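With full-length UniProt numbering, the residue at position 139 of the sequence shown is 139, and numbering never jumps. Working notes, beginning with the structure itself.
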Amino acid sequence: MSYYYSRTLTIPFDQVVQKITLNLQKQGFGIITTIDLKETLRQKLGIDFRKYKILGACNPQFAYKAVSQDSHLGLMLPCNIVIQEHENNQVEISAINPMATIEESATSYQLKELANDVSNRLRTAIDNLHHDQPMPQHTEALPAEGSAPNYNAPIQG
1 MSYYYSRTLT IPFDQVVQKI TLNLQKQGFG IITTIDLKET LRQKLGIDFR KYKILGACNP
61 QFAYKAVSQD SHLGLMLPCN IVIQEHENNQ VEISAINPMA TIEESATSYQ LKELANDVSN
121 RLRTAIDNLH HDQPMPQHTE ALPAEGSAPN YNAPIQG
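Below, the structure is given as structure tokens:
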């Protein structure tokens, strides 16, 4: 199992950043950090690097449930999304696959289900980038209504 999920697109870099931000919001995530690696390397090292941004995506409900079950899971938060421009103006977008790490170390079934849900939502956000209209959700990407725990339900308490 790969530690990331990736797609290569032929749309402008800034458009990919805007679209992934919207797609992540549709999947319940907000962007809490943005690192412009191109600008950082230019300022700190005087290096002219390709366009490369790292977005830190977080769903507070998922984060709360994860660190409530295992306090060390904060090491994997937020979920990183990398947008990088390659030759010929191709733009690659990648997201971390929490299942690659969680599957081996998870201490509970609920934690594995949570990691699977996060992985699938990140994948769906990326898969919908190249469509002008949102595609129907992958049946394997998001659980059918009532078939999995509702991690977006308000926290009681």
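Backbone N, C-alpha and C fix where the C-beta goes; we use that ideal spot for every residue, glycine too. Keep in mind that this is a model prediction, so the values were computed, not measured.
Between the beta-carbon of F49 and that of L41 there is about 5 Å, and that keeps the pair under the 8 Å contact cut. When the beta-carbon positions are compared, L9 and A57 stay at least 9 Å from each other.
Taking H130 as the centre and dropping the five residues before and after it, the same chain places the C-beta of R7, L9, I11 closer than 8 Å to its C-beta, in chain order.
With a 10 Å radius around the Cβ and a threshold of 16 neighbouring Cβ atoms, I32 comes out exposed.
Per DSSP, the unbroken beta strand (DSSP E) holding K53 starts and ends at 52-58.
Here Q90 carries a coil assignment [DSSP, helix/strand/coil]. A direct Cα-Cα distance of roughly 33 Å separates H72 from E85. Contact annotation: Y3 and R123 have beta-carbon atoms that are not nearer than 9 Å. Between V91 and F29, the gap from beta carbon to beta carbon reaches 9 Å or more. Look at I102 here: in three-state DSSP terms it is helix. In the DSSP assignment, the residues bridged to L9 are V91.
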